[in-house]
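All remarks here apply to the structure that follows.
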Amino acid sequence: MQRFETAKDAALALRPDVPVYCFRPEVLKADARQFMEAFPGETAYAVKTNGEPLVLETLSRAGVKTFDVASPGEFEAVRAVAPDAEMLYMHPIKAQSDIRLALERYGIRVLALDHEDEIAKILRIVRALDLDPGGITLFIRLQTKGHAAYELSKKFGAAPAHAVELLQRCHRIGFKVGLCFHVGSQIEDPETYERALASADWVRNRADVPLAGLDVGGGFPAEYGHDPRRRKREMPGLGEIMTRLRADIAEWGFSDMPLVAEPGRVVVARAFSLIVRVLLRKGRRLYINDGIWASLSDSWTGKITLPARFIPDPARTARTGNAETISAFRVCGATCDSVDILSRPFWLPETVDTGDWIEIGHIGAYSLSLRTRFNGFYPDTFVEVTTPFDAGERAEGFASLETMAD
Ligand SMILES: Cc1ncc(COP(=O)(O)O)c(C=O)c1O
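Residue numbers for the sequence shown follow this note's numbering, so the first one is -19 and each next one is one higher.
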């Protein structure tokens, strides 16, 4: 893989017409280690966030030994780069054949569920393979309430009283049992973990069965840009969220049991930026060579303002507008689909034009893993970049109000 100091160096050297992912392995290692040092339990990286072999390999080298997986494709991806890693199968609703594969071929012994029919599926395979249920831990996924870019409890999780029944039923069969939740991805309310822990405590007290562990899921927010026209939601950094989480875990009496977290976004977001090219500027619209069906769907559905850094093409000599004035540009994707327009603008100098490049920062999470081949576009070009995105020249997505035009 070609290596550059900055994405700007890469753009000017390669003059790419296709999107280019700028991978920063040192940033990935540092962010993974920061999480592992701060979390008082096992860190299970959520493979769905970015399951590229180079990401899994780098995480494994950084000391990640446990992975949260959701499908046979993810079991295989982890096995291929980290044969000794433990896998936790935390998808609550699984195909019967995938459960068999997990237990039989991949030796997975930790699974999640939120319904009694899932217990029946797992039990069928456990009996067919003549496994001891006592060697398997089933985590009951609890619904939670809170604000996040993605609310996951609309789709998954048992209500507290139901979770009590599920815990007791699994315990009676002879499985080890634990509790898990996922407070939603990119949380917008730091109290959300405490509410989930309070609910887990309620369930534990009612169920009155020995718990083998508590899994607090993901949700830890990554830093993105912000739209200066909107009120900035003040979110504490990871350090403060972890300090609070550790205090809440102690206060609700969960410190004495094995703890797990399944972070994705906060571990991998900063490890990639993406160089895109402006295919055409039409007034305040920029048509770029990526979009919601490629690397940018997370920002579209999650209404995330991405930090964008302008890389002007030096070959363009004539420009209009004031380079010091930062404006909002609507961003249209490369496909023929008319919904392929980002839900949040890019904030860029007024002089941006056809042929220029834009470096989109903090794009490592839910970008590569969500890209499609729609319309025949499939970004797949990688370079390595050594300077962290936030350490380079000012990114306009982080710009302050004073420099903004209306
Ligand atoms: C079960 C599970 N674990 C972990 C994650 C990772 O969450 P995040 O990227 O918010 O840390 C997700 C994300 O959807 C998930 O569904």
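For glycine and all other residues, C-beta sits at the position ideal for the given N, C-alpha and C.
Status (buried if at least 16 other CB within 10 Å, exposed otherwise) for residue i
{"i": "Ala60", "result": "exposed"}
{"i": "Asp336", "result": "buried"}
{"i": "Lys134", "result": "exposed"}
{"i": "Arg4", "result": "buried"}
{"i": "Gly126", "result": "buried"}
{"i": "Asn346", "result": "The sequence shown places Tyr at residue 346, rather than the Asn named in the question. By the neighbour-count rule (16 or more Cβ atoms within 10 Å), Tyr346 is buried."}
{"i": "Met70", "result": "buried"}
{"i": "Ala(-10)", "result": "buried"}
{"i": "Cys312", "result": "buried"}
{"i": "Thr223", "result": "exposed"}
{"i": "Tyr358", "result": "exposed"}
{"i": "Val240", "result": "buried"}
{"i": "Asp386", "result": "Residue confidence for Asp386 is low, a pLDDT of 39 falling below 50, so the modelled location carries little weight; the figure read from the coordinates is stated next. Under this definition Asp386 is an exposed residue."}
{"i": "Asn30", "result": "buried"}
Residue i beta carbon near ligand 1 (any heavy atom closer than 7 angstroms)
{"i": "Ser165", "result": "yes"}
{"i": "Leu(-8)", "result": "no"}
{"i": "Lys212", "result": "no"}
{"i": "Gly282", "result": "no"}
{"i": "Lys28", "result": "yes"}
{"i": "Gly137", "result": "no"}
{"i": "Ala18", "result": "no"}
{"i": "Pro329", "result": "no"}
{"i": "Val61", "result": "no"}
{"i": "Phe200", "result": "yes"}
{"i": "His342", "result": "no"}
{"i": "Gly193", "result": "no"}
Separation of residue j from residue i, as counted between CA atoms
{"i": "Gly115", "j": "Ser77", "result": "20 angstroms"}
{"i": "Tyr267", "j": "Gly193", "result": "49 angstroms"}
{"i": "Cys2", "j": "Ile105", "result": "43 angstroms"}
{"i": "Glu304", "j": "Ala202", "result": "28 angstroms"}
{"i": "Thr383", "j": "Ser307", "result": "With a pLDDT of 42 at Thr383, under the threshold of 50, the modelled position of this residue cannot be trusted; read the value that follows with caution. One C-alpha to the other measures close to 9 angstroms."}
{"i": "Thr331", "j": "Arg289", "result": "13 angstroms"}
{"i": "Gly154", "j": "Gly282", "result": "40 angstroms"}
{"i": "Asp64", "j": "Val44", "result": "11 angstroms"}
{"i": "Ala428", "j": "Pro190", "result": "Only positions -19 to 386 of the chain appear in the structure, and residue 428 is not among them; the question remains open."}
{"i": "Ala391", "j": "Arg107", "result": "Because the chain in this structure spans residues -19 to 386, residue 391 falls outside the shown range and cannot be described."}
{"i": "Asn269", "j": "Ser40", "result": "32 angstroms"}
{"i": "Asp395", "j": "Thr285", "result": "Here the chain covers residues -19 to 386 and nothing more, so residue 395 does not appear."}
{"i": "Gln(-18)", "j": "Leu260", "result": "28 angstroms"}
{"i": "Pro170", "j": "Leu225", "result": "9 angstroms"}
{"i": "Met215", "j": "Leu132", "result": "20 angstroms"}
{"i": "Pro20", "j": "His95", "result": "29 angstroms"}
{"i": "Glu364", "j": "Leu254", "result": "11 angstroms"}
{"i": "Lys156", "j": "Ile99", "result": "13 angstroms"}
{"i": "Leu348", "j": "Leu36", "result": "13 angstroms"}
{"i": "Glu54", "j": "Arg351", "result": "16 angstroms"}
Residue range of the alpha helix (DSSP H) that includes residue i
{"i": "Leu103", "result": "96 to 108"}
{"i": "Val183", "result": "172 to 187"}
{"i": "Arg265", "result": "No alpha helix (DSSP H) holds Arg265; the beta strand (DSSP E) holding it covers 265 to 268."}
{"i": "Phe15", "result": "5 to 18"}
{"i": "Leu36", "result": "33 to 42"}
{"i": "Pro52", "result": "52 to 61"}
{"i": "Ile79", "result": "76 to 84"}
{"i": "Val144", "result": "140 to 153"}
{"i": "Ala(-10)", "result": "-13 to -6"}
Extent of the continuous beta strand (DSSP E) to which residue i belongs
{"i": "Tyr69", "result": "66 to 69"}
{"i": "Cys160", "result": "156 to 161"}
{"i": "Val258", "result": "252 to 262"}
{"i": "Leu122", "result": "117 to 122"}
{"i": "Ser307", "result": "306 to 312"}
{"i": "Ser165", "result": "165 to 167"}
{"i": "Gly193", "result": "193 to 195"}
{"i": "Asp130", "result": "The sequence given here has Tyr at residue 130, not Asp. Per DSSP, Tyr130 belongs to the beta strand (DSSP E) from 128 to 130."}
{"i": "Ala92", "result": "90 to 93"}
{"i": "Ile340", "result": "337 to 340"}
Original post:
Which ranges does the alpha helix (DSSP H) cover as unbroken runs of at least 4 residues, wholly within the segment 209 to 248, from first to last along the chain?
Top reply: The segment 209 to 248 contains these whole alpha helix (DSSP H) runs: 218 to 231, 245 to 248.
**OP:** Jot down the residue ranges of each uninterrupted alpha helix (DSSP H) in the segment 264 to 302, minimum 4 residues, whole runs only, in chain order.
**Re:** At a cut-off of 4 residues, the continuous stretches assigned as alpha helix (DSSP H) that sit fully inside the segment 264 to 302 are 277 to 281.
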